[in-house]
Amino acid sequence: MRKGSSPITGRLGAVARRDLIVTWSYPILLLTRYGQIAVTTVLLSFMARLVNAPPALARYGGRYFEFALSGLIVLSFVTLGLGVLTTAVTAEQNAGSFEVLLISPTPLPVLLAGIYLVPTALTMVDVLAYIAIGWLLGAHISLLGLAACLPVLLLTAAAFSAAGLASAGFVVLTKRGDPITLVVTQVTTLLAGALFPIHLLPGPLQAAVRIVPAYWGLEAVRAMLLQHRSLWSQGRSLLVLAAFTVALFPLALAVFRRALRVARVTGTLGNA
Amino acid sequence: MLVVDDLTKQYPLPSRLLRPVMRVAADGAVDALRGVSLHVDPGEIVGVVGPNGAGKTTLVKIASTLLEPTSGRVLVGGRDVIRDASDARGLLGTMLADDRVVYWRLTGRQNLEFFAAMAGLSRPLARQRADEVLTQLGLAGRDRRVFGYSSGMRTLLNLGRAMLPRPPLLLLDEPTRSLDPLASRDIVAALRRIADDGAALLLTSHRLDEVVTLCDRVVVLVGGLVTFAGRPRDLDHSDGPVAALIALLAAER
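Protein sequence lines, in the order shown, are assigned to chains A and B.
If you number the first sequence the way our numbering does, the last residue is 738 and the count never jumps.
If you number the second sequence the way our numbering does, the last residue is 286 and the count never jumps.
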C-alpha cells in the first residue's frame, strides 16, 4: 500500500459518511420512517388483544404481540438484505453518479459492502424503535436477548443479500422495476411465518417454507427472544443461513458483474 | 501514457432476451468509432474535436473503462482497459460531460473528500487535496451544497474530482463547458501546469480556440473516423472534411 493510500476501512468509512450526510439531509423522510414504525407497532398491539393466548402460539410463549414484533424485526433485516443495493443503484443512476463510482479504483466488493453500512445501522435503530414502542405498549422483549439475536439477524440479511445483488443487476439494465425483490418479499412475508405460525399453512407449504431463509431466521430469533434459548442452541439455523449466503452470493455477484458488462457493451450504464 | 490502437465501437442492440426490458436509444446498431488510433505521452495535451455525435465521448468512456470496445485496444500506462481495468483506473482521472456526477446533497468539499477516498487517498490526504483543489479552482470559501452551485461551479467541481489523486492521465470531456471566459482561461492555465508537471491529458472540446491554444496536438473526429491528427498550427492547411469542420466549429463559436 503506497504512502497516503487508504485501506479498505477508509473507503468504507467514506461511503458511510456520504450516506449519513445524505440521509440526514432528508429529515422528513426519517420522521415518516419512525412514524410508520410507531403506527405499525400500535396496530399490532391492538390486534394482539383480539388474540388471547391461542394454542397455535403456545410454543412461542402464547403472546401474539411479541410473536408479531419478532416477525417484524426479522423482516426488517430481510428488507435490508433485499433492498439496499437495488435502492442504491437506482439512486446513483438517477443522480448521475453511477458511472463515476464505477471508474474509481475502489474494488466493487468494497463499494458494495460500504453501501450496506448506513442502512444496517438504520435498521438496527428501527429494531430499537419497535422494541421501545413495544415496551411502552406492554411487550415483554429483553434488550439483552435482542442483542444476542444480532448475529442471526445479520446472517438473515446476508442470506437475502444474494437476491438483493441479483436484483440490483437487473436494475442496472432495466433502470426501473425489479421483480426479484417484489416476489421474494411477498413469498417471505406470506410463507416464512413472520406474522403467523407456519403450522397454520397447508401441509405441503409447511415443508416448502424451509427453503425460505427467513424461516430459519425467524425460528432462531423467536427461540432466543420468546423461549429464552441461547445463541449456541440455534446452530442449525445459523448453519442454514450461512449456507444460503455462501451458496448464493458468488452466483449473485457473477450476475451483477455480467449485468455491468452488458451495460458497458450496450452503452447503457449511466442511463436512468 | 495513453495508447488507442485501431479502436472500433459499435453500440449493439441488446440480446433478444433483454430487448423487451432494456431501453435503448436507437432502433439498430450504431457505429460510434471506426478504427481510431492515437496516443498521448506524459506532459502532452491532446485535444479531440469534432461535431456532435462524432464519437468523442465514446472515446473518453472507453479509455475510462466505462464502455467496452467492439475491437481494438486501449492501454493506460501499459494496462489494457478491459483485461486490467482495475489497474488502469488507478492511473486515471476522468471528467465526464455531465454536471450530475457529483452528489448534490453534499457540499463541494464533502464531495471531493469522498471521491478522494474512493481514489484511495487516506483521510488526511483527502482533506488536504480537497483544500488544494478547491483553492486551485476558485471554489474555496464558497462551500455549500452542490444543488446551490451554478452549472459552471459544478463543472469546476467535476474537474476537481478528476484532479484529486494527481493521476498520470487525465481524460476530460469538455472541461470548460458552462464556464465563463475568465474561469475558462484559469482552467486552461491550470491544465497546462498539470501537463508541465508530467501528466498526460486527453480532452474533448467544441471550443476550437481553446484547443488550438492549449493542445500540443489535435485529433479531429468525424463520424467515428480520425480525419486529422497533428499540430494545431497545421489545421489551417487542411482541406476537405477537416476544413469544413473547422469552418463549422468556427461558425458555432
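Just so it is clear, CB atoms sit at the ideal spot from N, CA and C, and this is done for glycine as well.
Buried or exposed (CB count within 10 angstroms, at least 16 for buried), residue i
i, result
"residue 467 of chain A", "Its pLDDT being 42, under 50, residue 467 of chain A is placed unreliably in this model, and the value from its coordinates should be taken loosely. Counting Cβ neighbours within 10 Å, residue 467 of chain A comes out exposed, since fewer than 16 surround it."
"residue 286 of chain B", "Note that residue 286 of chain B scores 43 on pLDDT, short of 50, meaning its location in the model is unreliable; the coordinates nonetheless yield the value given after this. Looking at its Cβ environment, which holds fewer than 16 other Cβ atoms inside 10 Å, residue 286 of chain B is exposed."
"residue 100 of chain B", "buried"
"residue 622 of chain A", "buried"
"residue 730 of chain A", "buried"
"residue 502 of chain A", "exposed"
"residue 210 of chain B", "buried"
"residue 49 of chain B", "exposed"
"residue 44 of chain B", "buried"
"residue 191 of chain B", "buried"
"residue 645 of chain A", "exposed"
"residue 266 of chain B", "exposed"
"residue 531 of chain A", "buried"
"residue 215 of chain B", "exposed"
"residue 184 of chain B", "exposed"
"residue 698 of chain A", "exposed"
"residue 469 of chain A", "Confidence at residue 469 of chain A is low in this model, with a pLDDT of 47, below 50, so the placement of that residue is unreliable and no value is reported for it."
"residue 512 of chain A", "exposed"
"residue 229 of chain B", "exposed"
"residue 217 of chain B", "buried"
Residues that residue i bridges to, as DSSP identifies them
i, result
"residue 43 of chain B", "B/64"
"residue 233 of chain B", "B/202"
"residue 261 of chain B", "B/253"
"residue 104 of chain B", "B/41"
"residue 128 of chain B", "B/205"
"residue 78 of chain B", "B/234"
"residue 586 of chain A", "In the DSSP output, where bridge partners are listed per residue, residue 586 of chain A has none listed."
"residue 113 of chain B", "B/108"
"residue 72 of chain B", "B/36"
"residue 178 of chain B", "B/140"
Residue i: contacting residues in chain B (beta-carbon distance under 8 Å)
i, result
"residue 476 of chain A", "150, 155, 156"
"residue 484 of chain A", "136, 139, 143, 147"
"residue 578 of chain A", "The premise fails here: residue 578 of chain A is roughly 13 Å from chain B at the closest Cβ pair, so nothing lies under 8 Å."
Beta-carbon neighbours of residue i, restricted to chain A and to distances below 9 Å
i, result
"residue 98 of chain B", "568, 569, 730"
"residue 113 of chain B", "Per Cβ cutoff of 9 Å: no residues; residue 113 of chain B is ~14 Å from chain A at best."
Closest Cα partner of residue i within the set the options
i, options, result
"residue 715 of chain A", "A/483, A/556, A/554, A/632", "A/632"
"residue 85 of chain B", "B/237, B/251, B/264", "B/237"
"residue 115 of chain B", "B/97, B/160, B/127, B/124", "B/97"
"residue 568 of chain A", "B/161, B/170, B/94, B/106", "B/94"
"residue 479 of chain A", "A/507, A/578, A/636", "A/578"
"residue 264 of chain B", "B/82, B/68, B/166, B/160", "B/82"
"residue 740 of chain A", "A/624, A/484, A/512", "The requested residue 740 of chain A does not occur in the structure, where chain A is confined to residues 467 to 738."
"residue 518 of chain A", "A/636, A/533, A/725", "A/533"
"residue 684 of chain A", "A/597, A/664, A/584", "A/664"
"residue 734 of chain A", "A/489, A/638, A/560, A/670", "A/638"
"residue 104 of chain B", "B/68, B/158, B/254, B/112", "B/68"
"residue 256 of chain B", "B/73, B/156, B/92", "B/92"
"residue 510 of chain A", "A/661, A/551, A/640", "A/661"
"residue 178 of chain B", "B/187, B/171, B/248", "B/187"
"residue 200 of chain B", "B/254, B/224, B/39, B/142", "B/224"
"residue 213 of chain B", "B/245, B/171, B/253", "B/171"
Listed by chain order, chain A residues near residue i by CB distance under 7 Å
i, result
"residue 207 of chain B", "None at all; the shortest Cβ gap to chain A is about 15 Å."
"residue 45 of chain B", "731, 732"
"residue 127 of chain B", "569"
"residue 123 of chain B", "571"
Chain B residues whose Cβ lies nearer than 7 Å to that of residue i
i, result
"residue 635 of chain A", "What residue 635 of chain A touches in chain B: nothing, since even the nearest Cβ is about 12 Å away."
"residue 735 of chain A", "99"
"residue 491 of chain A", "138"
Within chain A, partners of residue i - CB distance below 8 Å
i, result
"residue 101 of chain B", "727, 730, 731"
"residue 119 of chain B", "571, 573"
"residue 176 of chain B", "Result: empty, since nearest Cβ-Cβ is about 13 Å, beyond 8 Å."
"residue 133 of chain B", "561, 562, 563"
Assumed close pair residue i, residue j - CB separation to whole angstroms, cut-off 8 Å
i, j, result
"residue 202 of chain B", "residue 66 of chain B", "That pair is no contact at about 19 Å."
"residue 204 of chain B", "residue 125 of chain B", "6 Å"
"residue 679 of chain A", "residue 707 of chain A", "6 Å"
"residue 20 of chain B", "residue 139 of chain B", "Any answer about residue 20 of chain B is impossible in this case: the structure gives chain B only from 34 up to 286."
"residue 109 of chain B", "residue 250 of chain B", "Residue 109 of chain B to residue 250 of chain B, Cβ: 18 Å. No contact."
"residue 566 of chain A", "residue 134 of chain B", "5 Å"
"residue 90 of chain B", "residue 130 of chain B", "6 Å"
"residue 607 of chain A", "residue 691 of chain A", "6 Å"
Residues that residue i contacts on chain B, provided the C-beta gap is smaller than 9 Å
i, result
"residue 480 of chain A", "146, 147, 148, 149, 150, 151, 156, 159"
"residue 488 of chain A", "136, 138, 139"
Contact test: residue i Cβ vs the ligand NAD heavy atom, cutoff 7 Å
i, result
"residue 626 of chain A", "Although the ligand NAD was asked about, the structure shown includes no ligands whatsoever."
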